[in-house]
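Number of protein chains: 4
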Amino acid sequence: MKSKRVPRAVREQQMLDAAVLTFARRGYRAASMDEIAEVAGVSKPLVYLYLNSKEELFSAVIRRERAALVAAVTAAVQPGEAADRQLWSGLRGFFAHTAEHPAGWAVLHQQARTHGEPFAVEVADMRAEIVAFVTELIGMAAKEAGCVGELAEREVAGLAHALVGAAESLAEWANTRTDEGPSGDQEHPTAKDAAATMMNFAWTGLGHLMGGERWTPGGAGGEGGRG
Amino acid sequence: MKSKRVPRAVREQQMLDAAVLTFARRGYRAASMDEIAEVAGVSKPLVYLYLNSKEELFSAVIRRERAALVAAVTAAVQPGEAADRQLWSGLRGFFAHTAEHPAGWAVLHQQARTHGEPFAVEVADMRAEIVAFVTELIGMAAKEAGCVGELAEREVAGLAHALVGAAESLAEWANTRTDEGPSGDQEHPTAKDAAATMMNFAWTGLGHLMGGERWTPGGAGGEGGRG
Amino acid sequence: MKSKRVPRAVREQQMLDAAVLTFARRGYRAASMDEIAEVAGVSKPLVYLYLNSKEELFSAVIRRERAALVAAVTAAVQPGEAADRQLWSGLRGFFAHTAEHPAGWAVLHQQARTHGEPFAVEVADMRAEIVAFVTELIGMAAKEAGCVGELAEREVAGLAHALVGAAESLAEWANTRTDEGPSGDQEHPTAKDAAATMMNFAWTGLGHLMGGERWTPGGAGGEGGRG
Amino acid sequence: MKSKRVPRAVREQQMLDAAVLTFARRGYRAASMDEIAEVAGVSKPLVYLYLNSKEELFSAVIRRERAALVAAVTAAVQPGEAADRQLWSGLRGFFAHTAEHPAGWAVLHQQARTHGEPFAVEVADMRAEIVAFVTELIGMAAKEAGCVGELAEREVAGLAHALVGAAESLAEWANTRTDEGPSGDQEHPTAKDAAATMMNFAWTGLGHLMGGERWTPGGAGGEGGRG
DNA sequence: GATGAATGAGGATTCATTCAT
DNA sequence: CATGAATGAATCCTCATTCAT
Chain A
0 MKSKRVPRAV
10 REQQMLDAAV
20 LTFARRGYRA
30 ASMDEIAEVA
40 GVSKPLVYLY
50 LNSKEELFSA
60 VIRRERAALV
70 AAVTAAVQPG
80 EAADRQLWSG
90 LRGFFAHTAE
100 HPAGWAVLHQ
110 QARTHGEPFA
120 VEVADMRAEI
130 VAFVTELIGM
140 AAKEAGCVGE
150 LAEREVAGLA
160 HALVGAAESL
170 AEWANTRTDE
180 GPSGDQEHPT
190 AKDAAATMMN
200 FAWTGLGHLM
210 GGERWTPGGA
220 GGEGGRG
Chain B
0 MKSKRVPRAV
10 REQQMLDAAV
20 LTFARRGYRA
30 ASMDEIAEVA
40 GVSKPLVYLY
50 LNSKEELFSA
60 VIRRERAALV
70 AAVTAAVQPG
80 EAADRQLWSG
90 LRGFFAHTAE
100 HPAGWAVLHQ
110 QARTHGEPFA
120 VEVADMRAEI
130 VAFVTELIGM
140 AAKEAGCVGE
150 LAEREVAGLA
160 HALVGAAESL
170 AEWANTRTDE
180 GPSGDQEHPT
190 AKDAAATMMN
200 FAWTGLGHLM
210 GGERWTPGGA
220 GGEGGRG
Chain C
0 MKSKRVPRAV
10 REQQMLDAAV
20 LTFARRGYRA
30 ASMDEIAEVA
40 GVSKPLVYLY
50 LNSKEELFSA
60 VIRRERAALV
70 AAVTAAVQPG
80 EAADRQLWSG
90 LRGFFAHTAE
100 HPAGWAVLHQ
110 QARTHGEPFA
120 VEVADMRAEI
130 VAFVTELIGM
140 AAKEAGCVGE
150 LAEREVAGLA
160 HALVGAAESL
170 AEWANTRTDE
180 GPSGDQEHPT
190 AKDAAATMMN
200 FAWTGLGHLM
210 GGERWTPGGA
220 GGEGGRG
Chain D
0 MKSKRVPRAV
10 REQQMLDAAV
20 LTFARRGYRA
30 ASMDEIAEVA
40 GVSKPLVYLY
50 LNSKEELFSA
60 VIRRERAALV
70 AAVTAAVQPG
80 EAADRQLWSG
90 LRGFFAHTAE
100 HPAGWAVLHQ
110 QARTHGEPFA
120 VEVADMRAEI
130 VAFVTELIGM
140 AAKEAGCVGE
150 LAEREVAGLA
160 HALVGAAESL
170 AEWANTRTDE
180 GPSGDQEHPT
190 AKDAAATMMN
200 FAWTGLGHLM
210 GGERWTPGGA
220 GGEGGRG
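Right, here's the structure in full:
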């Protein structure tokens, strides 16, 4: 005896919840509208009445999850702070959100990118947003460090992409480990640990990069890199 | 004008070529055996005769592309060299191969991971292989730098994952640009550029990390990071 | 002019009807779900929605036809009567039912037995049921005739099998003639005629068998048989 | 290393042997030419070269098995003997042959009858042959017993069909038991036992039938039957 | 004579989607 | 609002059959 007469807005969220889970579990193509309706606890025609089609449903899911992730990161950051503090906060927000919403993250990071333009574009936009934010932070840091023009624009873009990719990889690693580890949070990289790893890995290097330090293939191994 | 009466080994490779392209373009589920057969220039039954099923075909594709990628990286590295030189060479091999085989890379990096255990495991294994290689290099570098026990094992694993993720992200970025950019190679990050970015981004930071430098949230931004 | 919006229970029977006809006409393998759906006047997906698979459909058909045949025979028999009366009534019920449902009989007698364990077992069970009933009747008759232990158990089982086989053969013969004969019922063995033939053929011999009469190869032909 | 250069006639028999086994095991439709060729130890095109098509192959199998069965029965019978001796011998030949060639019997009795006219006709013809032989024997017996015109032609036909059906049923029963019984021949009806059962069951009754004895529904059970 | 290479045709099954009630 | 009933359009897979060598 399912609860009847639920307001539309609520029903829609239930459907989106069911869809996120199902798309994450099965993938876009393998997820059937039948299963989604069943998981949502409603009849299939109702799903169509509210969400129109599988494609629109997937789209709605992606938009909602994107918004939620961006909101989580944005909420974590204090706009006025120093660049490294902002990155630190943003990363913690990112890792915390993806850890709490693994299905949502899976849909964004894995499913949406592998099933055609309409969806991939949405995620690409989100990623561009984040990359732009990181790029800005790097710029801020450069200004803070008093080094102007030292880093070419393209170089900065590359660094930002690398940084974002590193964070994504860590997020997946952390989430995957979570599923298997029998022990508590102390055992695996929590959001805080992951963020710390990122800061040590990326920011320290960036600082020296801004100081003009470069690794060059010509040098004798690590020696050349630090010279 | 399809060449007829081709020996089996050759036909199989043609089929795998067609499958890589099609799986990369459409995704595993959306790719139809009909389309793959057509792209391969053979009839569908022949595909089944040689590769048995869609699942086995996908599996064969993944195995082939995995082997090719690992071979490319391995061939690029000179085992005896210093850690940073090995990483540098390996990264160049990696970026060069993924740039030359974008479809193969897409299948490994995007499709295989999103379509169920049997396939994801294969890629996870490959990734673990690479992460292990990177982990070893970091260990070597630590020894070269005379810092022993400075980095916890878990920390190294995190760094390796971050590094690999950064490289993957850069590879995708580079390849995506390639598709759209009308101009030549000079315009976008080539394998060499990408590898340089990675070395500057990751290795420089690692070097200082081994020197005991850490970023801490308590400190005043970048200043605290370097102290 | 297909009647639309029919309740599920009704549609299922229509499908089973169509399936019986089609399986009888073509055989299990040669019957296509397409044809069955067409004969049933519905689309193929509906058949799958209700009956799940060709195998389950065939199974459902067999179970329904088995139940109908057993019910027909059971209904014809008066439990309290003498053994020969019960056999006589049961045979008439059997011949009447198989004559009225030739397709159902064909599916049970020919198709189900030739297409793998799951189906053959169902029919074997039914046959065992009937053989057991006949065996019981023979036992009853022996008791009525005052001959106890005269017939070995294995001998009775053999006789029961022979009797059932004879009835099946006659049923097929009668039905086959029906299809071709242009004239009315009087011309070919109706249920009553067939049952009479069976009683004369089988029961008369059984009676004398119980009286100790045996045919032996040693004797001089028919003479020896009656001695 | 298959033996090469085998004369055509031999190869054909090997193929027919393989076909009998495979058709018996799988059924006509489910048996694939691939499997038959493999069982026969030859390549598929050779099967087509010799037997032309699956249909013709099946036909050839049926014809060969029919001929073998008829030959076995014929060989067992001594034309000049008394009717009951001839039937006794024929039945022993029949049961012996079907027990020794279960696959052939399965193809004739089960497969051929369930897969369309062209094949069913062949078996129907064979059955008619046998029924005619039995009919003749019954006629002979009637003459031997001095009763002429006592049995209507249609009645005799029915009796013959019943008798043949009983024998077929016993044959199947005996063969099926053979597969399961772990003990020796003594345990289950051998050809001889089956034939004895048949003679007792059928011939004894027939003898009295010729003597004018009839079972009638009106009478009080077995008593009325014999009166 | 014998076979590896190849395919046209067809069959089971699933799914997104829509009405009529 | 809400749903049981129904389907068009693919998709995976198999098989009998034929060449070219």
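Respectively, the protein sequence lines represent chains A, B, C and D.
As numbered in numbering that gives the first Met the number 0, residues 0 to 226 make up the first sequence, in order.
As numbered in numbering that gives the first Met the number 0, residues 0 to 226 make up the second sequence, in order.
As numbered in numbering that gives the first Met the number 0, residues 0 to 226 make up the third sequence, in order.
As numbered in numbering that gives the first Met the number 0, residues 0 to 226 make up the fourth sequence, in order.
Where a beta carbon is used, it is the ideal one built from N, C-alpha and C, also for glycine.
Buried or exposed: which applies to residue i, given that a residue is buried once 16 or more other Cβ atoms fall within 10 Å of its Cβ?
i: residue 33 of chain A; result: exposed
i: residue 158 of chain A; result: buried
i: residue 17 of chain D; result: buried
i: residue 267 of chain C; result: The structure shown does not extend to residue 267 of chain C, since chain C is modelled only from 0 through 226, so no value can be given for it.
i: residue 6 of chain A; result: exposed
i: residue 30 of chain D; result: buried
i: residue 73 of chain C; result: exposed
i: residue 24 of chain A; result: exposed
i: residue 199 of chain D; result: buried
i: residue 152 of chain A; result: exposed
i: residue 204 of chain D; result: buried
i: residue 4 of chain C; result: exposed
If residue i sits next to residue j, beta carbons under 8 Å apart, how far is it from one beta carbon to the other, in whole angstroms?
i: residue 155 of chain C; j: residue 103 of chain C; result: Going by Cβ atoms, the distance from residue 155 of chain C to residue 103 of chain C rounds to 29 Å, so no, they are not a contact pair.
i: residue 125 of chain D; j: residue 65 of chain D; result: 5 Å
i: residue 69 of chain D; j: residue 128 of chain D; result: 7 Å
i: residue 28 of chain C; j: residue 217 of chain D; result: Contact doesn't hold; Cβ gap of about 48 Å is too wide.
i: residue 165 of chain D; j: residue 162 of chain C; result: 7 Å
i: residue 100 of chain C; j: residue 67 of chain C; result: 7 Å
Please list, in chain order, all residues of the same chain as residue i whose beta carbon is under 6 Å from its beta carbon, the five residues on each side excluded.
i: residue 122 of chain B; result: 107, 111 and 112
i: residue 193 of chain B; result: 94, 169 and 173
i: residue 10 of chain A; result: none
i: residue 183 of chain B; result: Interpretation of residue 183 of chain B is limited by its pLDDT of 45, a score under 50 that renders its predicted location unreliable; no figure is taken from the coordinates.
i: residue 49 of chain D; result: 11
i: residue 201 of chain D; result: 162
Whose Cβ in chain B lies nearer than 8 Å to the Cβ of residue i?
i: residue 65 of chain A; result: In chain order: nothing, as chain B lies at least about 18 Å away.
i: residue 112 of chain A; result: 109
Closer than 8 Å by C-beta to residue i: which residues in its own chain qualify, once you throw out the five before and the five after it? Chain order, please.
i: residue 46 of chain B; result: 14, 32, 35, 36, 39 and 56
i: residue 8 of chain A; result: none
i: residue 209 of chain D; result: 140, 141, 144, 146, 149 and 150
i: residue 54 of chain B; result: 117
i: residue 58 of chain D; result: 117, 118 and 121
i: residue 41 of chain B; result: 1, 10, 13 and 14
i: residue 71 of chain B; result: 92, 93, 95 and 96
I want to verify the contact list: residues of chain D whose CB lies under 8 Å from the CB of residue i, in sequence order.
i: residue 4 of chain C; result: None at all; the shortest Cβ gap to chain D is about 36 Å.
i: residue 196 of chain C; result: 154, 157, 158 and 161
Identify, in the order they occur along the chain, each residue of the same chain with its Cβ nearer than 7 Å to the Cβ of residue i, setting aside the five sequence neighbours on each side.
i: residue 82 of chain C; result: 136, 139, 140 and 143
i: residue 191 of chain B; result: 91
i: residue 134 of chain B; result: 155, 156 and 159
i: residue 97 of chain C; result: 104, 170 and 174
i: residue 87 of chain A; result: 194 and 198
i: residue 43 of chain D; result: 32, 33 and 36
Against residue i, what residues of chain C qualify as contacts under a CB-to-CB distance less than 8 Å, listed in chain order?
i: residue 68 of chain D; result: The premise fails here: residue 68 of chain D is roughly 17 Å from chain C at the closest Cβ pair, so nothing lies under 8 Å.
Residue i touches chain C at which residues, Cβ-Cβ below 9 Å?
i: residue 104 of chain D; result: Ordered by position in chain C, no residue passes the 9 Å Cβ test against residue 104 of chain D, which lies about 13 Å from the chain.
i: residue 169 of chain D; result: 157, 160, 161 and 164
i: residue 203 of chain D; result: 203, 204, 205, 207, 208, 212, 213, 214, 224 and 225
For residue i, return the contacting residues in chain D, with the cut-off set at a CB-CB distance below 7 Å.
i: residue 213 of chain C; result: 199
i: residue 29 of chain C; result: 28
Who are the neighbours of residue i on chain C, taking C-beta pairs under 7 Å?
i: residue 16 of chain D; result: Simply none; closest approach about 20 Å.
Give me the chain A residues within the contact set of residue i, using Cβ-Cβ distance strictly less than 7 Å, ordered along the chain.
i: residue 124 of chain B; result: What residue 124 of chain B touches in chain A: nothing, since even the nearest Cβ is about 14 Å away.
Could you name the residues of chain A that residue i contacts, counting a contact when the two beta carbons are closer than 8 Å?
i: residue 33 of chain B; result: Per Cβ cutoff of 8 Å: no residues; residue 33 of chain B is ~16 Å from chain A at best.
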